[in-house]
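Worksheet: the structure to be examined is printed underneath.
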Amino acid sequence: MQTNFSVAKIILLMAQHEYNEDSIRSLDWKEHIRLRPGMYIGKMGNGSSPDDGIYILIKEVIDNSIDEFVMGNGKTIKVSVKNNRVSVRDYGRGIPLGKVIDCVSKINTGAKYDSKVFKKSVGLNGVGTKAVNALSSYFNIKSIRDGKSKSIEFTRGSLDVDEKIISNSSRKGTKIVFVPDNQIFGNYRFLDEYVEKMVLNYCYLNTGLTINYNSNKFFSNNGLLDLLKDNIDSDTLYPIIHLRGNDIEVAITHIKNKYTEQYFSFVNGQHTIQGGTHQNSFRQAIVKTIREFFGKNYDANDIRQSISAAVSIKVMDPVFESQTKTKLGSTEIEPNGITINSFINDFIKSNLDNFLHKNSETAKSIQSKILQAENERKAMSGIKKLAKERAKKASIHNKKLRDCRVHYNDLNKEDRLDSTIFITEGDSASGSITKTRNINTQAVFSLRGKPLNSFGLTKKIVYENEEFNLLQAALNIEEGIDNLRYNKIVIATDADVDGMHIRLLLITFFLQFFPELVKEGHVYILETPLFRVRNKSKTIYFYNENERQEAKLAIGNSAEITRFKGLGEISPHEFKNFIGRDMRLDPVILGKESSIHELLKYYMGKNSKERQDFIIDNLRSQDEN
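In this note's numbering, each residue's number is its place in the sequence shown (first place is 1) plus 424.
Below, the structure written as structure tokens:
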């Protein structure tokens, strides 16, 4: 009887899932984008990370305005982001009025397929603004051209308002206003720091362009030279080398008291944060040219240690590895033309070699730095060998690391951008996270206590200190962050004095030896609730005293209030709510005026009396206004 029932059930299920003509469904353009937004804008996120989709939406709109500027139309772009409402106004030619609707609602529609019109453009696939339209709860576009204008309005990609063409004496150009849809992005927020960085990069790469962002004016007179100056927070060994050619621009220097490489790479004005063929070729060209200049077969890592550089190239019909255009895949400058590798190598060999012959002091500084790096490497070789053996053993039996299945450097994995490692304080906190985490994309690394204050120490300590060495091995950052295993490094400590101290010590470690992790937006602080307010029918979690008081008023005097003293006090059942899609993360961001060395010197140096006096002078009661 049981067998007959099972067979019948299987037959019924097969009938329900029969593959026939009715199984085939065609989605219209906006349905497909809204169903699979990650295909068009990368990972979703809530705005806490610079590569979250909401920033890609802004970029897609600005890219079109930049293309107009590149073609000689419009020297100013106005950008505004207020209350999640984004506005971008350019003064280019304006979209042909009869094609405004098509350009923002028909996939594979645009002018940039004709390379004669837009020779070296970023937005070639006719998708960008359509994705913005489909993923916005409100989208309005207005084109002004030839003394006339056309305005249309959409809701989640559906046309709501189609105004007739009217006379308009305003300056020609295009204005787009949109609000990302919270049905897609949840409770998101734009961070000014990330938008401002995007705007600045556009200005560095387009000298002569002015972008007004939220009433602040941004421009650059010296391109990548300005970019390096604004992003270097320590003393350089020599003045920045700035070289320009047809379709290429580079800036190069070495930084004092630094151990890692740092690159800013761009293609057709697009910030390729994950590098690509051009960045690889640039790194190789630097090594080859310097070896040939000095006639010495220096180790490549010694040459590139502490380098800070930027490279920008222009490519005909570039091919990127994803719609978000963060990594270049092209191998040729133009179809059937010279390879990118040959193009960059030829430029660097000729121009950098000439520069070094003319600037002997710079050449001496570079050679001195290479020899210093070589001596440090040889002195550490024994320690590094032991540390690698220890890390290799730990990779098999590392009780500190509960790894996940998908990693950031798994380039073929769709959800690689969601890869996260939580660095926890003690076993109780790590236990709660481990039991509730997403095993596919979330890893846990457990600290045994307060880590060492690494300020002022050499990188030797990274290998001598077992905990630092294991953490470095877990992140896979010994040779730089190109093979970083987790996109988000989340410091998860108690919100008490000890927890704050551990946060500072870990951030000090990252800033001292791996500052690019912070600069590239990989390091975060996990916010967890301080209070739970509940009655028989409702439970609410709150993150500060003000929210707690509001919750108490909302629920009533019968509310039960619990104060969480540490992460270990939050049950695994509850904890899963705080590390899911809507988890609260505070990104660790360096202000553009911040100097890493000076910051660390003040907060983590041996100036205890100075810090004590500051606290005493600025200490305030919670009751004070």
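For every residue, glycine included, the Cβ atom is placed at its ideal position computed from N, Cα and C.
- Secondary structure note for Val1012: it is in no alpha helix (DSSP H), with a DSSP letter that is neither H nor E.
- Burial state of His781 is exposed, judged by a 10 Å Cβ sphere holding fewer than 16 other Cβ atoms.
- Annotation for Ile901: Asn907, Leu908, Phe938 and Leu941 place their beta carbon closer than 8 angstroms to its own, counting only its chain and skipping 5 residues before and after.
- DSSP places Asp586 inside the beta strand (DSSP E), whose first and last residues are Ser582 to Asp586.
- About 5 angstroms separates the CB atoms of Leu652 and Ala675; that is less than 8 angstroms, so the two are in contact.
- Where Val735 is concerned, the enclosing beta strand (DSSP E) starts and stops at Ile731 to Ile737.
- For Gly647, the number of other beta carbons within 10 angstroms of its own is at least 16, and it is reported as buried.
- In the pairwise beta carbon analysis, the stretch 556 to 563 is classified as touching the stretch 599 to 609: at least three pairs are separated by under 8 angstroms.
- Here Ile863 carries a coil assignment [DSSP, helix/strand/coil].
- For Gly923, the uninterrupted alpha helix (DSSP H) run begins and ends at Val921 to Phe937, by DSSP.
- When the alpha-carbon of Leu954 is set against those of Ser854, Arg987 and Gly610, the nearest one is in Arg987.
- Each residue's CA atom was taken as its position, placing Lys499 and Ala709 some 34 angstroms apart.
- Ranked by Cα distance from Ile525, the options Lys502, Ser560 and Ile565 are led by Ile565.
- The DSSP-derived three-state label of His702 is helix.
- Going by C-alpha positions, His678 is about 20 angstroms away from Lys884.
- Between the alpha carbons of Phe999 and Glu798 lies a gap of roughly 48 angstroms.
- A distance below 7 angstroms between beta-carbons, with the five flanking residues on each side excluded, links Asn625 to the following residues of its chain, in chain order: His695.
- Relative to Lys506, the option among Ala983, Glu685, Tyr637 and Ile664 whose CA is nearest is Tyr637.
- Close CB contacts of Ile590 within its chain, under the 7 angstroms cut and outside five residues either way in sequence, are with Lys572 and Ser573 (chain order).
- Across the structure, Asp741 and Val485 are spaced so that their CA atoms are roughly 19 angstroms apart.
- Bounds of the beta strand (DSSP E) holding Ala675 are Ile672 to His678.
- Taking a C-beta distance under 8 angstroms as the contact criterion, Asp1006 and Asn611 qualify as a contact pair.
- For Leu977, the secondary structure class from DSSP, reduced to helix, strand or coil, is helix.
- Counting only runs of at least 4 residues, the stretch 742 to 823 fully encloses the following alpha helix (DSSP H) elements, listed from N- to C-terminal order: 764 to 782 and 784 to 821.
- If the five residues before and after Val691 are omitted, its C-beta is found closer than 7 angstroms to the C-beta atoms of His702, Ile737, Val739, Pro742 and Leu752, all from its own chain and listed in chain order.
- The C-beta distance from Val510 to Ile482 rounds to 6 angstroms, short enough to fall under 8 angstroms.
- In this structure, the straight-line span from the alpha carbon of Ile949 to that of Ile994 is close to 17 angstroms.
- Between Thr932 and Ser878, the gap from beta carbon to beta carbon is short of 8 angstroms.
- In the DSSP assignment, Ile635 is bridged to Ile501 and Phe642.
- Relative to the Cα of Asn640, the nearest Cα in the group Phe706, Val494, Lys912 and Ser504 belongs to Ser504.
- Distance check between Leu776 and each of Ala724, Phe717, Phe578 and Gln796 places Phe717 closest, using alpha-carbon atoms only.
- When DSSP states are grouped into helix, strand and coil, Phe609 belongs to the helix group.
- Its Cα nearest to that of Val947, the residue Pro1011 stands out among Leu615, Ser856 and Pro1011.
- The C-beta distance from Ile847 to Ala916 rounds to 7 angstroms, short enough to meet the 8 angstroms contact threshold.
- Put simply, the backbone Cα of Leu835 is about 10 angstroms away from that of Glu745.
- Rounded to whole angstroms, the gap between the alpha carbons of Arg707 and Pro759 is 23 angstroms.
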